[in-house]
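This report refers to the structure that appears directly beneath it.
Residue numbers (this note's numbering): 4 to 350.
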């Protein structure tokens, strides 16, 4: 059998590939590959379908899908391999993309300048359900939405069904869930104890996949956030520790430490990851992922970037120190250069 060129693929196969694209930007890039692909894929219809998922109301609230995408922006310069990180979200089919803070997800004040998203690198797509707060987790697979809500419950809903409703996925042995992730084509959830569960798509049931992550007795009350992340092809669990401080007679909590755990398949237990190597972990409000530090301006290796209340901060795993971005300081200063990757000064 002879080789088939890209432009000679059957329309049904092109249509199948296009249906798996999760963002409008990737769809537009897909259509730009060649004329047959552009003529086969109808832009208006597919862009419309990204928003009109035909989902039912959730607890008497309307459900709207807003595609959200992370980009790495590079410009012609001596350091073309380095860039900045931005996040965009499109609220409706006809609206423009809103520029958001990658960590907090808050809208950045627009300027009179524009950025052609077709010329920048898209490295992570997600869909946010507008009715949920930023702290809720959402994944989408095989036309089904899965959500972990603020009550630590998992709900699912199939888009486009004639009889539509949200179904709770529950297991009596689980005490509640904190996070959910799509990993190698399967859905996994993280419970309150740090154990990972697997969701069966055919049964819409949930089963325990691994044991709980260990937390020292003195750390239990301080470990108030756990997240799932994919690292080197494996699922890992991130623990975030807080400590209470009293400032001007006001009691508040601040992040003091992170720990990352991976499963040792031989011992069948969680072991702490001492180093992320040349990677940096991004802990955003609605996403948790790793990037190659050398691809971003100022990005520190073996570090975790996060938002602590309103402050952008970075935790260094090598010495367990935390650097907080100063509002009035320039990101180009030596102490603050590690936050240059989040600057929008390139506009």
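Using N, Cα and C, we set each Cβ at its ideal position, and we do this for glycine too.
Own chain residues within Cβ distance below 7 Å of residue i, not counting five before or after
{"i": "residue 40", "result": "17, 33 and 34"}
{"i": "residue 12", "result": "none"}
{"i": "residue 4", "result": "Unreliable positioning characterises residue 4 in this predicted model, as indicated by a pLDDT of 49, which lies under 50. The coordinate reading is nonetheless provided below. If we look at residue 4 and ignore the five residues flanking it on each side, it has no Cβ neighbours."}
{"i": "residue 14", "result": "43"}
{"i": "residue 311", "result": "257 and 258"}
{"i": "residue 281", "result": "295, 296, 297 and 304"}
{"i": "residue 198", "result": "211, 213, 214 and 215"}
Cβ-Cβ separation, residue j to residue i (assumed contact under 8 Å), whole Å
{"i": "residue 184", "j": "residue 142", "result": "7 Å"}
{"i": "residue 241", "j": "residue 261", "result": "6 Å"}
{"i": "residue 288", "j": "residue 71", "result": "Not quite, the Cβ-Cβ distance comes to about 11 Å (not below 8 Å), so this is no contact."}
{"i": "residue 225", "j": "residue 246", "result": "6 Å"}
{"i": "residue 234", "j": "residue 293", "result": "6 Å"}
Cα-Cα separation between residue i and residue j, rounded to whole angstroms
{"i": "residue 306", "j": "residue 295", "result": "11 Å"}
{"i": "residue 257", "j": "residue 83", "result": "37 Å"}
{"i": "residue 132", "j": "residue 267", "result": "Below a pLDDT of 50, predicted positions are generally treated as unreliable, and residue 132, at 46, falls in that range; the measurement from the model is reported next regardless. Distance between the alpha carbons of residue 132 and residue 267: 35 Å."}
{"i": "residue 189", "j": "residue 212", "result": "12 Å"}
{"i": "residue 324", "j": "residue 309", "result": "13 Å"}
{"i": "residue 42", "j": "residue 145", "result": "25 Å"}
{"i": "residue 271", "j": "residue 9", "result": "45 Å"}
{"i": "residue 342", "j": "residue 38", "result": "42 Å"}
{"i": "residue 265", "j": "residue 238", "result": "7 Å"}
{"i": "residue 182", "j": "residue 316", "result": "22 Å"}
{"i": "residue 329", "j": "residue 88", "result": "19 Å"}
{"i": "residue 20", "j": "residue 30", "result": "10 Å"}
{"i": "residue 217", "j": "residue 44", "result": "50 Å"}
{"i": "residue 346", "j": "residue 229", "result": "28 Å"}
{"i": "residue 150", "j": "residue 313", "result": "25 Å"}
{"i": "residue 284", "j": "residue 170", "result": "33 Å"}
{"i": "residue 236", "j": "residue 215", "result": "20 Å"}
{"i": "residue 153", "j": "residue 255", "result": "21 Å"}
{"i": "residue 304", "j": "residue 206", "result": "41 Å"}
{"i": "residue 103", "j": "residue 111", "result": "5 Å"}
{"i": "residue 86", "j": "residue 109", "result": "21 Å"}
{"i": "residue 243", "j": "residue 36", "result": "43 Å"}
{"i": "residue 339", "j": "residue 168", "result": "48 Å"}
{"i": "residue 249", "j": "residue 327", "result": "18 Å"}
{"i": "residue 196", "j": "residue 186", "result": "20 Å"}
{"i": "residue 52", "j": "residue 76", "result": "Annotation note: pLDDT 49 at residue 52 (below 50); position unreliable, coordinate value reported separately. Near 27 Å, if we compare the C-alpha coordinates of residue 76 and residue 52."}
{"i": "residue 322", "j": "residue 140", "result": "31 Å"}
{"i": "residue 137", "j": "residue 269", "result": "Residue confidence for residue 137 is low, a pLDDT of 44 falling below 50, so the modelled location carries little weight; the figure read from the coordinates is stated next. Their Cα atoms are separated by approximately 37 Å."}
{"i": "residue 253", "j": "residue 273", "result": "37 Å"}
Endpoints, alpha helix (DSSP H) assigned at residue i
{"i": "residue 41", "result": "38-43"}
Unbroken beta strand (DSSP E) run spanning residue i, endpoints
{"i": "residue 233", "result": "226-234"}
{"i": "residue 84", "result": "That residue, residue 84, is in no beta strand (DSSP E); it is neither H nor E in DSSP."}
{"i": "residue 266", "result": "253-267"}
{"i": "residue 103", "result": "101-103"}
{"i": "residue 239", "result": "237-250"}
{"i": "residue 168", "result": "It is not in any beta strand (DSSP E) - residue 168 carries neither H nor E in the DSSP assignment."}
{"i": "residue 314", "result": "314-319"}
{"i": "residue 158", "result": "157-161"}
{"i": "residue 295", "result": "291-295"}
{"i": "residue 285", "result": "282-286"}
{"i": "residue 327", "result": "324-327"}
{"i": "residue 211", "result": "208-211"}
{"i": "residue 204", "result": "Looking at the DSSP string, residue 204 is not in any beta strand (DSSP E), and its letter there is neither H nor E."}
{"i": "residue 353", "result": "Since the first residue shown for the chain is 4 and the last is 350, residue 353 is missing from the structure and cannot be characterised."}
{"i": "residue 273", "result": "272-275"}
{"i": "residue 153", "result": "Looking at the DSSP string, residue 153 is not in any beta strand (DSSP E), and its letter there is neither H nor E."}
Cβ neighbours of residue i in the same chain (closer than 8 Å, five flanking residues each side left out)
{"i": "residue 209", "result": "157, 172, 173, 174, 177, 192, 200, 201, 202 and 203"}
{"i": "residue 147", "result": "159, 160, 161, 162 and 204"}
{"i": "residue 47", "result": "Any reading at residue 47 needs caution, since the residue's pLDDT is 46, under 50, leaving its predicted position unreliable; the model's value is listed next. Closer than 8 Å at Cβ, skipping near neighbours: no residue."}
{"i": "residue 105", "result": "73, 88, 89, 90, 285, 287 and 345"}
is_contact[residue i, chain C] using C-beta, thresh 8 Å
{"i": "residue 40", "result": "Reference to chain C is not applicable here, since this structure consists of a single protein chain."}
6 Å CB neighbourhood of residue i in its chain, flanking five on each side removed
{"i": "residue 180", "result": "151, 155, 157, 192 and 194"}
{"i": "residue 318", "result": "261, 307 and 325"}
{"i": "residue 291", "result": "230 and 232"}
{"i": "residue 227", "result": "245"}
{"i": "residue 263", "result": "239, 241 and 276"}
Segment contact flag, the segment 285-300 with the segment 262-277, C-beta cutoff 8 Å, min 3 pairs: no
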